[in-house]
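Q: These protein sequences, in sequence, are chains A and B.
Counted from 1, the first sequence has number 27 at position 27 by this note's numbering; the numbering is strictly sequential.
Counted from 1, the second sequence has number 33 at position 33 by this note's numbering; the numbering is strictly sequential.
A virtual CB, placed ideally from N, CA and C, is assigned to each residue, including glycine.
Just so it is clear, the structure is predicted and the values come from calculations on it, not from any experiment.
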Amino acid sequence: MPSLRDYRDRIASVKSTRKITSAMKMVAASKLRRAQEQAEASQPYATSMAQMIARLSANTGKNASGPTLLTGTGKDQTYLLVVVSADRGLCGGFNSNIVRAARNEIKRLQGEGKTVKLVTFGRKARDLLRREFASITLESYAGITSQKKFGFEDIKQVGEFVLAQFAANQFDVCQLLFNEFRSVLVQKPRVQQLIPFVADARAAANENTTSTNSAPYDFEPDEETILTEILPRNIGIQIYRAILDSAAGEQAARMTAMDSATRNAGDMIKKLSLQYNRARQAYITKELIEIISGAEAL
Amino acid sequence: MADTAQQTFLFELVSPDAKLLAEQMFQVTIPGSEGDMGIRAGHAPYIVHLRAGEIICQAGNDNKNVKRVRITGGFADITGSQCTVLAETAEFV
Numbered sequence: 001m002p003s004l005r006d007y008r009d010r011i012a013s014v015k016s017t018r019k020i021t022s023a024m025k026m027v028a029a030s031k032l033r034r035a036q037e038q039a040e041a042s043q044p045y046a047t048s049m050a051q052m053i054a055r056l057s058a059n060t061g062k063n064a065s066g067p068t069l070l071t072g073t074g075k076d077q078t079y080l081l082v083v084v085s086a087d088r089g090l091c092g093g094f095n096s097n098i099v100r101a102a103r104n105e106i107k108r109l110q111g112e113g114k115t116v117k118l119v120t121f122g123r124k125a126r127d128l129l130r131r132e133f134a135s136i137t138l139e140s141y142a143g144i145t146s147q148k149k150f151g152f153e154d155i156k157q158v159g160e161f162v163l164a165q166f167a168a169n170q171f172d173v174c175q176l177l178f179n180e181f182r183s184v185l186v187q188k189p190r191v192q193q194l195i196p197f198v199a200d201a202r203a204a205a206n207e208n209t210t211s212t213n214s215a216p217y218d219f220e221p222d223e224e225t226i227l228t229e230i231l232p233r234n235i236g237i238q239i240y241r242a243i244l245d246s247a248a249g250e251q252a253a254r255m256t257a258m259d260s261a262t263r264n265a266g267d268m269i270k271k272l273s274l275q276y277n278r279a280r281q282a283y284i285t286k287e288l289i290e291i292i293s294g295a296e297a298l
Numbered sequence: 001m002a003d004t005a006q007q008t009f010l011f012e013l014v015s016p017d018a019k020l021l022a023e024q025m026f027q028v029t030i031p032g033s034e035g036d037m038g039i040r041a042g043h044a045p046y047i048v049h050l051r052a053g054e055i056i057c058q059a060g061n062d063n064k065n066v067k068r069v070r071i072t073g074g075f076a077d078i079t080g081s082q083c084t085v086l087a088e089t090a091e092f093v
């Protein structure tokens, strides 16, 4: 049976754990707000660009002579997966979810006989996928989202790397895997295809309703030149958006995880205090009995 | 139209990190890849590739209230009532 002192030490240790988790929760909450703001600020650019591409591809999409970023290489043998995770842990199932989704996707594609290549973003994706897939990993980026501040400039290199690989015919299809920020409580792994370009269903629907009642668009210089300029940029911006979404999701996941950890610690302290008091009571009773029986013996 | 001189349209300047400007403008001059373009309200729908250069935004039909923005290339989406410029980097002068 644990002594009174053991109980006291346990309680003190759980209390200090609770202090840490509740501090982490506060920090995550304030970081979440900032991350959400940043994700929202990037929204207009991404939406306008998607709309523009939808308009452009409505004009050129039909003929096969469009740029390969739009139409693809005509094959789908080699896949490039870009997996976005967090740099830090202690955020519930956030990282393990995305890594599990990545692993399943790789296995599924390999089962279909495709070649899969991997680019990881975030320390956790790199560390968790390294053991199994080191041989197919082309590049890993880490430590960018855990910086105090990061912007489009810091993320650009990822898109540039992907484009360089595409230009060198290293893959046919590029997919982006990231945790989509649905709400503070829900982040879901999502697969988004980057190359060949698939119009965002929402932007396309938007476009269909507006294009029917407005004048036809003119282009300068011409559709194809604009497309070859805009598509590479779109890759970069899509990756940036996914990373911002994932960064906001990370903070939200950490906040929820730390909130429940704090609550669990509270419950544990309650339970331990009860046991402690009971043990103390038993000890006092035992001493009383000893004193009384000692007095009776006199 | 008699009041053409007063007509304005919504001009938006967007970068990946933020919406930098969203104001009613009388005339905006953008550096198109094949020459500068002046845009006023009711301009025909256009999608333009922009070279590096300067955007000049005039809020009224005079030279007061002029904003100049330097960009390193981008795209402009012009509809009759709105002009959206997507620029990767933009710097107010």
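Using C-beta distances below 8 Å, list every residue in its chain close to residue 230 of chain A, excluding the 5 sequence neighbours before and after it, in chain order.
A: Excluding residues within five positions, the ones whose Cβ falls inside 8 Å are 49, 52, 53, 56.
Q: At a CB-CB cut-off below 9 Å, which residues of chain A make contact with residue 36 of chain B?
A: Simply none; closest approach about 11 Å.
Q: Quick check: what's the CA-CA separation for residue 29 of chain A versus residue 258 of chain A?
A: 10 Å
Q: Extract the residue ranges of the alpha helix (DSSP H) inside the region 104-187 of chain A, only unbroken runs of 4 or more that lie entirely within it.
A: 123-133, 152-167
Q: Note down the Cα distance separating residue 118 of chain A from residue 100 of chain A, rounded to an integer number of angstroms.
A: 14 Å
Q: Taking residue 300 of chain A as the query, report the chain B residues whose CB atoms sit under 7 Å from its CB, ordered along the chain.
A: Coverage of chain A is limited to positions 1 through 298, which leaves residue 300 of chain A absent and any answer about it impossible.
Q: 9 Å is my cut-off, CB to CB: does residue 233 of chain A come that close to chain B?
A: Taking CB atoms only, residue 233 of chain A has a neighbour in chain B less than 9 Å away.
Q: With a 10 Å radius around its C-beta and 16 neighbouring C-beta atoms as the bar for buried, classify residue 69 of chain A as buried or exposed.
A: buried
Q: Below 8 Å on the Cβ atoms is my guess for residue 46 of chain B versus residue 220 of chain A; work out the distance and round it to an integer in Å.
A: 7 Å
Q: Which chain B residues sit within Cβ distance under 8 Å of residue 49 of chain A?
A: 75, 86
Q: For residue 94 of chain A, which of helix, strand or coil comes out of DSSP?
A: helix
Q: Please list, in chain order, the chain A residues whose beta carbon lies closer than 8 Å to that of residue 32 of chain B.
A: For the C-beta of residue 32 of chain B, the chain A residues within less than 8 Å are, from N- to C-terminus, 220.
Q: Starting from the beta carbon of residue 152 of chain A, find every residue of chain B whose beta carbon is closer than 8 Å, and list them in chain order.
A: 15, 16, 17, 88
Q: Under 9 Å, do residue 59 of chain B and residue 71 of chain B count as touching if we go by C-beta distance?
A: Not closer than 9 Å, so no.
Q: Where does residue 87 of chain A fall in DSSP's three states?
A: coil
Q: According to DSSP, is residue 198 of chain A helix, strand or coil?
A: coil
Q: Could you please give me the residues that DSSP links to residue 27 of chain A through a beta bridge?
A: Beta-bridge pairing links residue 27 of chain A to no other residue.
Q: Please check if any C-beta of chain B sits within less than 9 Å of the C-beta of residue 42 of chain A.
A: yes
Q: Residue 28 of chain B touches chain A at which residues, Cβ-Cβ below 8 Å?
A: Near residue 28 of chain B there are no residues of chain A at all, since even the closest Cβ is about 15 Å away, more than 8 Å.
Q: With distance defined between alpha-carbon atoms, name the residue in A/250, A/145, A/178, A/82 nearest to residue 136 of chain A.
A: A/82
Q: In chain order, what residues of the same chain lie with their CB nearer than 6 Å to the CB of residue 56 of chain B, ignoring the 5 residues before and after it?
A: Only residues of its own chain outside the window of five on either side were considered, and among them 29, 68 have a CB closer than 6 Å to the CB of residue 56 of chain B, listed in chain order.
Q: Exposed or buried, which one is residue 87 of chain A when buried takes at least 16 other CB atoms within 10 Å?
A: buried
Q: For residue 213 of chain A, which of helix, strand or coil comes out of DSSP?
A: A caution first: residue 213 of chain A carries a pLDDT of 45, below 50, which makes its placement in the model unreliable, though a value can still be read off. Residue 213 of chain A falls in the coil class under three-state DSSP.
Q: How would you list, in chain order, the residues of chain A whose beta-carbon sits under 9 Å from the beta-carbon of residue 69 of chain B?
A: Per Cβ cutoff of 9 Å: no residues; residue 69 of chain B is ~15 Å from chain A at best.
Q: Would you verify that the beta carbon of residue 229 of chain A is, or is not, closer than 9 Å to some beta carbon of chain B?
A: Yes, because at least one Cβ of chain B sits closer than 9 Å to the Cβ of residue 229 of chain A.
Q: Could you please give me the residues that DSSP links to residue 46 of chain B through a beta bridge?
A: Paired residues: A/218, B/78.
Q: Is there a C-beta anywhere in chain B that falls below 9 Å from the one on residue 24 of chain A?
A: Taking 9 Å as the CB threshold, residue 24 of chain A stays off the interface with chain B.
Q: Can you tell which of B/41, B/26, B/15 has its C-alpha closest to the C-alpha of residue 103 of chain B?
A: What the structure shows of chain B is the stretch from 1 to 93, and residue 103 of chain B is not part of that stretch, so it cannot be assessed.
Q: Specify, as a first and last residue, the run of the beta strand (DSSP E) that residue 29 of chain B falls within.
A: 27-32
Q: Spatial neighbours of residue 245 of chain A within its chain, please: C-beta separation below 8 Å, excluding the five flanking residues on both sides.
A: 39, 178, 179, 180, 181
Q: Under the assumption that residue 49 of chain B contacts residue 80 of chain B (Cβ atoms under 8 Å), give the Cβ distance between them as a whole number of angstroms.
A: No, residue 49 of chain B and residue 80 of chain B are not in contact; Cβ-Cβ is about 20 Å, not under 8 Å.
Q: Mapping the DSSP letters down to three states, classify residue 36 of chain B as helix, strand or coil.
A: In this structure, DSSP gives residue 36 of chain B an extended state, which the three-state scheme calls strand.
Q: So with CB distances below 7 Å, who are the chain A contacts of residue 47 of chain B?
A: Residues of chain A passing the Cβ test: 52, 55, 56, 217, 219, 226.
Q: Could you tell me the alpha carbon to alpha carbon distance between residue 276 of chain A and residue 18 of chain A, rounded to whole angstroms?
A: 19 Å
Q: Rounded to the nearest angstrom, what separates residue 65 of chain B and residue 146 of chain A at their Cα positions?
A: 41 Å
Q: Quick one: does residue 12 of chain B have its CB under 9 Å from some CB of chain A?
A: At a cut-off of 9 Å between beta carbons, residue 12 of chain B contacts chain A.
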